[in-house]
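As structure tokens, the structure follows; a few thoughts come after it.
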Amino acid sequence: MRSLLKNLIKLLCIFVLLHISQAAANKFPTGSCGALMDISHKNIQTSEGIKQGYSALMFIDFDTLTIQARATVVSYHNMPSLPSYQSNTIGPAPFVIEIGPVPNSFVITPQQSSGLPTFAAMSVNSGLSFLLQAQNDRGSGVCQRN
Numbered sequence: 596m597r598s599l600l601k602n603l604i605k606l607l608c609i610f611v612l613l614h615i616s617q618a619a620a621n622k623f624p625t626g627s628c629g630a631l632m633d634i635s636h637k638n639i640q641t642s643e644g645i646k647q648g649y650s651a652l653m654f655i656d657f658d659t660l661t662i663q664a665r666a667t668v669v670s671y672h673n674m675p676s677l678p679s680y681q682s683n684t685i686g687p688a689p690f691v692i693e694i695g696p697v698p699n700s701f702v703i704t705p706q707q708s709s710g711l712p713t714f715a716a717m718s719v720n721s722g723l724s725f726l727l728q729a730q731n732d733r734g735s736g737v738c739q740r741n
């Protein structure tokens, strides 16, 4: 009976340690990072003769859960005219962060009125970088820790 109790306690300890290590693996990032994200619609015609694409230079603050961005929209008109550019500053815009769909990833959902897409972020390079992928859009980028 005593050995059964010892084995049960050992199993319980293993279960608790596994649960704690899983919770640590899903810990949300802290600090901040600087990102460049290309959201390229260069091959999608938005209206007669016009194609658009944009990129965003972003500062993501995981402590305050905010994003500040500088977005540049490129409009490609009928050729041979040159493209036109328009830049605007966004934020700080609040965001919500959740556990992502693959290990070591998170989903970041900016405030809808910000115009920024929801994107997945995967921590790589020992937590010094994040790979970014737009959700329901065509876009990717990298965010380096400050």
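Residues in the sequence shown are numbered consecutively from 596, following my numbering.
Yeah, the Cβ is synthetic: ideal placement off N, Cα and C, and Gly gets one too.
| query | result |
| --- | --- |
| Exposure of Phe690, with buried meaning 16 or more beta-carbon neighbours within 10 Å | buried |
| Closest by C-alpha distance to Lys622, when choosing among Gly734, Phe714, Ile694, Gly710 | Ile694 |
| Helix, strand or coil at Gln730 according to DSSP, with G and I counted as helix | coil |
| Pair within 8 Å by beta-carbon distance, Cys738 and Ala715 | no |
| 7 Å CB neighbourhood of Ser718 in its chain, flanking five on each side removed | Pro624, Asn699, Phe725 |
| Run of the beta strand (DSSP E) containing Leu631, from where it starts to where it stops | 627 to 634 |
| Test item: CB-CB of Pro712 and Ala688 under 8 Å | no |
| Rounded distance between the beta-carbons of Gly686 and Ile662, thought under 8 Å | 5 Å |
| Residues sharing a beta bridge with Phe701, DSSP | Ile694, Ala716 |
| Integer Cβ distance of Asp732 from Ile655, believed to fall under 8 Å | Contact flag wrong, Cβ pair sits at about 17 Å. |
| Through-space distance from Met653 to Ala729, alpha-carbon basis | 14 Å |
| Alpha carbon of Leu677 to alpha carbon of Val669, nearest angstrom | 10 Å |
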